[in-house]
Every structure is written in C-alpha cells, then in structure tokens.
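Asker: When we follow my numbering, the leftmost residue of the sequence shown carries the number 355, and every step to the right adds one.
For every residue, glycine included, the Cβ atom is placed at its ideal position computed from N, Cα and C.
Let me begin by handing over the structure; questions about it come next.
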Amino acid sequence: MAKRILSCAVTGGAPVTGRNPNVPVTPREIADSAIEAAGAGAAIVHLHARDPDTRAGSMRLDLFQEIVGRIRDASIDVIINLSTGDGAMFAPDQDNPMLAGPGSNMCTALERVRHVVDLKPEICSLDFNTMWFRTRAFVNSPEMISEMAAMIYEAGVTPELEIFDTGDLHLAKHLMSTGAIRTPAFFQIVLGASYGASASTETMLYMRNLLPPGMEWAAFGIGRDEFPMVAQAMILGGHSRVGFEDNLWLAAGELAPSNAALVEKAVRIMRDVGCEPATPAEARQILGLPAKR
C-alpha cells in the first residue's frame with residue numbers, strides 16, 4: 355500500500371462553544387489528546403494553545419512550553435507541528451474602520467513565531483491567506499510571511515505552507531522565486547473554510563495541479579467535508595489531516611469522543627482506498643526531515 359501522512363489538528367484556536375465537550379483545552383488535555391492521536395495512527399500533531407481559564411485560543415509561550423514538554427516526555431514518536439496562525443486577525447471597528455475593533459489580535463512576525471523559535475518543533479504552519487472568515491479578516495502580507503519564514507528557517511524548522519485558495523498558491527510560488535520560501539516545500543490545501551476554496555473533487559484537483567513540480571502536499575476538509583476529503587486526497591496522491599480543529603463530528607448526529615476516534619476513522623478510509631498511514635519515521639523521510647535524534 356502507498357504510504358501517506360495523516361496529521362491530527364488537536365484543538366485549534368476558534369472559540370469553544372460547548373458544541374462538543376470533548377475538545378481539549380488545558381495543556382494537559384491537549385498533550386494527552388495529541389499522544390492518543392499519535393497512538394491511533396497520526397504521524398503529525400498540529401498544535402494550538404488555549405487559555406485554561408477563558409478557553410480561548412492563546413499565544414502564551416508558557417502554555418506551548420507545557421504542551422510540547424508533555425508530548426516530548428511521553429514514550430511515543432510523533433512529529434510536532436506548531437501553529438503560527440494566531441496574530442493575523444483584524445476586525446474593523448464599527449465606528450472607524452481604519453482602527454482595529456474587538457476580536458483583533460494583529461501582532462509582529464516575531465510574536466507570531468516566538469514559540470517556534472523557543473521550542474524548535476520539526477514543523478510549523480505558515481499561513482498564506484488574506485481572507486474574510488465570517489466577520490473578521492485574516493491578514494498575511496507578503497512581507498509578514500517572508501519575515502516569519504526567515505525566523506522559522508533560522509530556527510531549523512520546516513514550514514508547512516497553508517493554502518486557502520489559488521491566490522495563496524500563486525503568492526507562495528512568487529516567494530519561492532525570491533528565495534523567501536525554500537524548495538522543496540510541503541503544501542497543505544485547506545478546503546471548505548468560510549469564503550475560501552470549496553471542498554470538492556474539482557477544487558482539490560485544480561489546486562493540486564497548480565503546485566510546483568516535485569512538492570509534497572496534503573489536503574483536508576472542514577466540518578462534514580473532513581472524511582470525504584481524506585478519501586479524495588488519498589486517491590489524488592496526497593496526504594491529509596483530521597482533528598477537532600476542523601470538525602467536531604464522527605458521523606452525522608454523532609459527536610466525536612476524541613481526536614483518536616477521528617484518526618481511527620481516517621485510517622480506515624485510507625486503507626479502504628489502498629493507502630497505509632505513514633509512521634513518523636516514514637513521514638520524516640517523505641518530507642525530507644532529519645531522522646529523529
């Protein structure tokens with residue numbers, strides 16, 4: 355069977371609304387859920403932090419330190435992927451749209467990658483999208499992306515390029531031409547986000563075909579599109595991801611009890627279409643990462 359990488363996005367940074375009480379919040383819960391997902395077949399765990407008191411997404415370094423420390427101390431091999439998506443949100447003030455209103459969290463490139471520089475995971479996300487997400491905009495300028503990328507590479511970390519639409523992909527290729535983004539690169543195609551690329555076979559195929567030659571890529575769907583897009587990515591030769599960041603449901607009307615349950619279902623789908631989940635060691639080889647020390 356073809357070896358494909360399965361990632362698990364453990365918690366995300368969106369507000370926890372109570373729709374699924376199983377979403378991990380505290381550093382211990384997030385780390386334990388990541389370890390369980392790895393045991394179920396995820397080669398990569400993609401991590402955000404949450405404030406234990408407010409349950410909201412957080413950029414606090416101490417929270418990331420505890421999450422990563424707990425995972426590294428566990429007796430399981432998994433590739434850690436830290437998010438750098440926080441710090442790009444802009445909500446225009448209703449009275450003066452020139453100003454940032456409630457919900458904005460725009461910050462410097464250094465603040466957005468501080469935890470990556472400190473903790474040096476094997477991978478971190480690097481968003482290329484500037485887009486509306488419901489009532490707020492996410493802003494990632496070419497200058498911001500380039501500055502973040504320079505610090506990520508300096509830390510010895512490999513960026514996973516997050517692509518929400520075709521314009522993001524064209525921007526990534528432009529930054530490759532300037533040397534700001536190194537090649538070969540690992541692309542993650544995000545499908546089904548509000549006002550981003552739709553989750554469909556046609557969209558995934560089109561975006562895959564726009565990738566520069568020789569690049570590893572993954573794709574995933576949001577919400578009800580999560581599992582269909584796992585199957586589609588496998589069929590088209592890519593990798594994929596699942597997890598509570600993207601989807602709260604195991605099936606229609608059935609809340610997922612854990613990230614591990616989402617991973618287990620994805621593994622069954624992968625095997626049904628002739629693929630086998632890569633181990634962390636195999637994933638490192640596929641992505642050109644150094645062997646685990």
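Excluding the 5 residues flanking A632 on each side, which residues of the same chain have their C-beta closer than 7 Å to its C-beta?
Answerer: K357, R358, I359, A397, I640
Asker: With a threshold of 16 other CB atoms inside 10 Å of the CB of G591, please say whether the residue is buried or exposed.
Answerer: By the neighbour-count rule (16 or more Cβ atoms within 10 Å), G591 is not buried but exposed.
Asker: State the DSSP-derived secondary structure class of L360, mapped to helix, strand or coil.
Answerer: strand
Asker: With a threshold of 8 Å, are at least 3 pairs of Cβ atoms found where one atom belongs to the region 508-520 and the other to the region 476-483?
Answerer: yes
Asker: How big is the Cα-Cα spacing for E465 and A491?
Answerer: 19 Å
Asker: My guess is that R373 and L602 are in contact by the Cβ rule of under 8 Å, so how many angstroms apart are they, rounded?
Answerer: Rounded, the Cβ-Cβ distance is 6 Å, consistent with contact.
Asker: Pull up the distance between the alpha-carbon of R638 and that of P644, whole angstroms please.
Answerer: Going by the C-alpha atoms only, they are around 7 Å apart.
Asker: I need the DSSP call for S531, collapsed to helix, strand or coil.
Answerer: Of the three classes helix, strand and coil, the one that applies to S531 here is helix, per DSSP.
Asker: What residues match up with E608 in a beta bridge as DSSP calls it?
Answerer: A605
Asker: Between the region 456-475 and the region 519-534, are three or more C-beta pairs nearer than 8 Å?
Answerer: no
Asker: Could you give the first and the last residue of the continuous alpha helix (DSSP H) run that contains A620?
Answerer: 613-626
Asker: Of all the options M558, I543, I499, which has the alpha carbon lying nearest to the alpha carbon of G533?
Answerer: For the residues M558, I543, I499, the minimum Cα distance to G533 belongs to I499.
Asker: Would you list the residues sitting across from S479 in a DSSP beta bridge?
Answerer: E514
Asker: Go through its chain and collect everything with a Cβ distance to H331's Cβ below 6 Å, but skip five positions before and after it.
Answerer: As displayed, the chain neither begins before 355 nor continues past 647, which places residue 331 out of reach and without an answer.
Asker: Could you say which of E497, Q586, R578 lies nearest to F598 if we only look at CA atoms?
Answerer: The shortest CA-to-CA distance from F598 to any of E497, Q586, R578 is the one to R578.
Asker: Distance, Cα to Cα, A620 vs M583?
Answerer: 10 Å
Asker: What are the boundary residues of the alpha helix (DSSP H) that includes V422?
Answerer: 415-427
Asker: Do you know offhand how far M413's Cα is from Y549's?
Answerer: 25 Å
Asker: For N435, write down the residues that DSSP places opposite it in a beta bridge.
Answerer: H400, I477
Asker: With respect to the alpha helix (DSSP H) encompassing L453, which residues constitute its N-terminal and C-terminal limits?
Answerer: Boundaries for L453: no alpha helix (DSSP H) harbours it, and the DSSP string shows neither H nor E there.
Asker: Return yes when the Cβ of N376 is within less than 8 Å of the Cβ of A610, no when it is not.
Answerer: yes
Asker: Assign L523 to one of three DSSP states: helix, strand, or coil.
Answerer: helix
Asker: Quick one: give me the first and last residue of the beta strand (DSSP E) that R562 is part of.
Answerer: That residue, R562, is in no beta strand (DSSP E); its alpha helix (DSSP H) goes 555-564.
Asker: Given a cut-off of 8 Å on the beta-carbon distance, is the pair P513 and A526 in contact?
Answerer: no
Asker: For L417, collect the residues of the same chain with a Cβ closer than 7 Å to its Cβ; drop the 5 residues on either side in sequence, then sort them by chain order.
Answerer: P381, A403
Asker: Would you say G521 reaches chain B, if we count a Cβ-Cβ gap shorter than 8 Å as a contact?
Answerer: Here there is only one protein chain, and chain B is not present.
Asker: Residues in the same chain with beta-carbon distance under 6 Å from D405, minus the five sequence neighbours each way, listed in chain order, please.
Answerer: S412
Asker: In terms of alpha-carbon separation, which member of L545, G366, A428, D449 lies closest to G393?
Answerer: A428
Asker: What is the DSSP secondary structure of Q542, reduced to helix, strand or coil?
Answerer: Secondary structure at Q542: strand, using DSSP grouped into helix, strand and coil.
Asker: Which whole-angstrom value describes the C-beta separation of P634 and V432, a residue pair presumed to lie in contact below a C-beta threshold of 8 Å?
Answerer: Correct: roughly 6 Å between the Cβ atoms.
Asker: I believe G395 touches V627 by the beta-carbon criterion, under 8 Å. Please report the beta-carbon distance rounded to the nearest angstrom.
Answerer: No, G395 and V627 are not in contact; Cβ-Cβ is about 15 Å, not under 8 Å.
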